[in-house]
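Okay, structure first, notes after.
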Amino acid sequence: MSEPFHDFVKELFAGLGPVTIKKMFGGAGVYADGVMFALLANETIYLKADASLRGELQAAGGDPFIWTPQSGPRAGEQVDMGYLSLPEDALDDPDLAAVWAGKAIAVAKAKAAAKPKKRK
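Just so you know, we're using the working numbering here: the sequence shown kicks off at 69 and counts up by one.
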């Protein structure tokens, strides 16, 4: 994944406030407001989605991020990771990209809040 692409993503989502990108597993996670709301893979932006946002993104042309493990018990199985690509028209429109990202951040926050708290 290229640094210019990371810079593009940060600029695209600048309207959200501070956005950080952390490399992981050959891709990268995009974080804002303390949650990972997007995944970067193969120069594509995928947004975290629940059932409702998934429908909206698909209707706007978003495609799911599918991971195929190469080893382990799920080797060769296609796994839908719960992320859908940012619609193409938002790639040239930071305001629209921020709207979609805001929805993904809300999904990420709701999922984080639903997880049981870890004991110290």
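Note that CB positions come from ideal geometry on N, CA and C, so glycine has one too.
#1: Can you look up V98 in the DSSP assignment and give me helix, strand or coil?
#2: Tell me which same chain residues have a C-beta within less than 6 Å of the C-beta of I99, skipping the five on either side of it?
#3: Between V77 and A176, how many whole angstroms is the CB-CB distance? I'm expecting something under 8 Å.
#4: So S120 is in the alpha helix (DSSP H); what residue range does that whole segment cover?
#5: Out of D75, L80, G150, which one is the CA nearest neighbour of A57?
#6: Put V77 into one of helix, strand or coil per three-state DSSP.
#7: Ends of the beta strand (DSSP E) at G150?
#8: What does a CB cutoff of less than 7 Å around I113 pick up in its chain, not counting 5 residues either side in sequence?
#9: Taking the CB atoms as reference points, tell me whether L108 and A117 lie closer together than 8 Å.
Here's the rundown:
#1: strand
#2: The question names Ile, yet the displayed sequence has Tyr at residue 99. Result list for Y99: T88, in chain order.
#3: 16 Å between Cβ atoms; not a contact.
#4: 119 to 127
#5: In the structure as shown, the chain begins at 69 and stops at 188. Residue 57 is therefore absent and cannot be evaluated.
#6: helix
#7: 147 to 153
#8: These residues qualify, in order along the chain: V77, A106, S153, L154.
#9: no
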